[in-house]
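A short worksheet on the structure shown next.
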Amino acid sequence: MNLSFPLIGALGGGSALRVLGPDNPGRIAFSRASTAMNPTDSSGFIAAAADTPRFSGSARRLLVEGARTNMIRNPRFEGAAAPSTSPSYANLTATGNGLSLTILGTTAEAGMPCLDLLLSGTATSTGVLIPTFENMAGIPAATGQTWTAGLHIRQLSGTAGRVSSRVEVRPSDAGNTVLNGFQGGDTIANAGWARSTVTGQLTATGAAFVRLNWRITYISGVTYNEVIRIAFPTLEMAPFASSPMLPPAGTLAAAERAADTPVWAPPGGFGPQGTVVIKAMLPQLAVFGASQGLWQIDDGTDQNRLQLRNTSAGSAITGVVDINGVTVATLSPGNMTPGTPFRAAFAWAPGDQALCLGGGAVQATGAALPPGLARMLLGHASTQLNRAAFGEVELVDYAPTRLPNAFLQAMAAAA
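All residue numbers for the sequence shown refer to this note's numbering, where the first residue is 14 and numbers rise by one.
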């Protein structure tokens with residue numbers, strides 16, 4: 014396959030390289046020291062083996078995430094049995110509001126291990142709580158930590174009319190006294206799958222453990238006979254949700270996903286001139302203190318690099334020049350919108366760097382260049398892999414020349 018294409022109207026004889034394309038790893042070398050779940054274009058998932066890239070959804074963009082751990086030890090619901098045997102570590106019961114909960118059994122759908130539940134009866138109060146997907150003292154935690162919970166949910170059949178369905182993070186102290194937590198993510202999908210998520214900080218004094226609950230609120234006096242399918246209970250000590258994580262079948266343990274690591278190291282490294290065009294999508298804003306990397310060209314360290322990132326605490330797309338660990342230039346041409354694909358073009362030469370986002374105004378600076386630029390790290394803003402995109406990269410093109418600003422605008426504005 015020829016992954017090069019001519020730069021029409023550019024400097025005579027010039028060409029650009031397709032480094033990465035939709036559903037195609039192109040020139041990158043990819044590694045990840047674990048399996049991972051890959052979202053498909055049909056609301057399902059397939060397992061990707063270690064060192065296998067994940068091209069996500071119908072657009073087939075490369076998914077790049079950092080390392081995460083799902084602390085729920087039994088997200089496959091192993092041990093569940095009809096009509097009332099909860100999965101190992103879980104306690105799935107209704108709580109005295111007139112409704113009963115029946116466990117119908119485990120199944121699989123679209124690559125997801127699932128559990129089917131029947132909630133039936135006439136509600137005598139407004140709430141029913143499915144208490145927990147973990148033991149009271151199963152997951153260590155501490156006051157001040159930030160946690161994110163998630164659960165895939167859909168209704169298979171039954172009466173509509175519930176008030177809400179929310180995942181809840183609830184801490185407890187060392188003596189198993191339940192403390193105040195937080196809840197959110199109001200959803201049950203009546204046609205397809207929906208993922209309910211919530212993120213918050215443990216603010217209660219004395220928190221020693223944390224667990225994931227699921228709270229459904231019904232209307233008092235209404236009779237229900239509702240079958241709900243659930244999948245992928247997750248609890249991450251993190252500021253936003255990532256893709257679901259599963260331990261191997263038969264293993265009741267926290268599931269760790271290693272960082273996706275796409276790298277391109279062209280023979281001879283990168284020259285004193287170049288242009289990189291990227292099309293990407295980030296599903297969330299960058300949190301405070303942690304930029305979301307799109308790419309960095311470096312010397313193998315974070316000391317000398319060119320970088321494109323979504324800067325921490327917001328949506329700003331930023332180009333950076335670092336020399337000997339010091340930032341000597343910053344370019345900020347605008348903001349991305351979470352969940353919306355965008356294009357950016359970054360060009361460099363000695364004393365001349367420029368960046369364009371989405372075909373807008375070109376931002377320029379005149380910094381020196383870092384020495385020893387040898388490789389491109391995609392989807393990261395640190396060699397420590399702790400500033401990952403947690404998003405999708407659709408394409409990356411590279412030209413070994415500093416293209417004119419008009420070209421940057423045209424390439425950044427392309428569909």
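Cβ atoms here follow ideal geometry from the backbone N, Cα and C, with glycine treated the same way.
Best match in the options for proximity to residue i [C-alpha to C-alpha]
i	options	result
Gly-364	Ala-374, Ala-381, Ala-103 and Val-375	Ala-381
Phe-146	Arg-183, Arg-175, Ala-423 and Ala-387	Arg-183
Ala-64	Ile-291, Pro-52 and Val-77	Looking at the sequence itself, residue 64 is Asp, so the reference to Ala does not match. The candidate whose alpha carbon is nearest that of Asp-64 is Val-77.
Ala-123	Pro-88, Ile-59 and Met-258	Ile-59
Ala-204	Gly-234, His-165, Arg-415 and Met-149	His-165
Tyr-411	Ala-401, Met-424, Trp-160 and Val-300	Met-424
Ala-244	Ala-326, Gln-286, Gly-157 and Arg-208	Arg-208
Ala-357	Leu-390, Asn-323 and Arg-228	Asn-323
Leu-227	Asn-104, Glu-249, Ala-387 and Pro-257	Note that residue 227 is Trp in the sequence shown, not Leu. Here the closest residue by C-alpha is Asn-104.
Ala-46	Thr-230, Arg-270 and Leu-370	Arg-270
Gly-140	Leu-169, Leu-75, Val-191 and Tyr-231	Tyr-231
Pro-346	Arg-74, Ala-367, Arg-40 and Val-334	Ala-367
Val-409	Val-290, Leu-192, Met-125 and Gly-302	Val-290
Gln-316	Ala-267, Pro-383 and Gln-168	Pro-383
Met-389	Ser-55, Gly-284, Thr-343 and Val-375	Gly-284
Ile-229	Pro-96, Ala-107 and Val-191	Ala-107
Residue i versus residue j: straight-line alpha-carbon distance, rounded
i	j	result
Asp-312	Ser-395	12 Å
Ile-310	Ala-428	25 Å
Met-50	Gly-379	43 Å
Asp-199	Gly-372	37 Å
Gly-174	His-393	44 Å
Glu-405	Leu-307	9 Å
Pro-260	Thr-331	37 Å
Arg-179	Ala-61	30 Å
Ser-328	Asn-189	40 Å
Asn-337	Arg-318	9 Å
Pro-88	Thr-247	7 Å
Phe-222	Glu-91	23 Å
Ile-85	Ala-401	23 Å
Arg-67	Ala-136	44 Å
Gly-109	Ser-325	46 Å
Gly-22	Pro-35	Residue confidence is low: Gly-22 scores 34 on pLDDT, short of 50, so the model does not pin down where it sits. Its coordinate-derived value is still stated next. Each residue's Cα considered, the two are about 25 Å apart.
Leu-265	Val-300	31 Å
Gly-282	Arg-31	16 Å
Thr-48	Pro-417	42 Å
Gln-196	Ala-377	45 Å
Thr-288	Leu-421	8 Å
Val-334	Thr-53	36 Å
Gly-213	Ser-69	27 Å
Ala-360	Pro-257	36 Å
Three-state secondary structure (DSSP) of residue i
i	result
Leu-416	coil
Met-250	coil
Met-125	strand
Gly-263	coil
Gln-13	With the chain covering only 14 through 428, there is no way to say anything about residue 13.
Leu-105	coil
Ala-423	helix
Arg-167	strand
Thr-156	coil
Met-149	coil
Arg-322	strand
Thr-120	strand
Val-300	coil
Phe-68	strand
Ala-402	coil
Arg-73	coil
Ala-428	coil
Val-375	coil
Beta strand (DSSP E) segment containing residue i, residue limits
i	result
Ala-360	355 to 362
Arg-388	388 to 391
Gly-347	339 to 348
Val-333	329 to 336
Arg-183	177 to 185
Thr-274	274 to 277
Phe-58	58 to 61
Ile-229	222 to 230
Glu-269	268 to 270
Ala-207	207 to 214
Residue i CB to nearest heavy atom of the ligand ADP below 7 Å
i	result
Leu-421	In the structure on display, the ligand ADP does not appear, and there are no ligands present to speak of.
Residue-chain proximity (residue i, chain B), Cβ-Cβ < 8 Å
i	result
Leu-386	Here chain B cannot be found, since the structure has a single protein chain.
**Asked** Would you say the stretch 334 to 351 touches the stretch 289 to 300, given that touching needs at least three Cβ pairs under 8 Å?
**Response** yes
**Request:** Count the CB pairs spanning the stretch 228 to 239 and the stretch 113 to 132 that are closer than 8 Å, and state whether there are at least three.
**Result:** yes
**the stretch 272 to 282 touching the stretch 111 to 118, judged by at least three CB pairs closer than 8 Å** = no
**Asked** Hey, is the stretch 88 to 101 in contact with the stretch 134 to 144, meaning 3+ C-beta pairs nearer than 8 Å?
**Response** no
**Contact the stretch 156 to 164 vs the stretch 211 to 219: 3+ CB pairs below 8 Å** = yes
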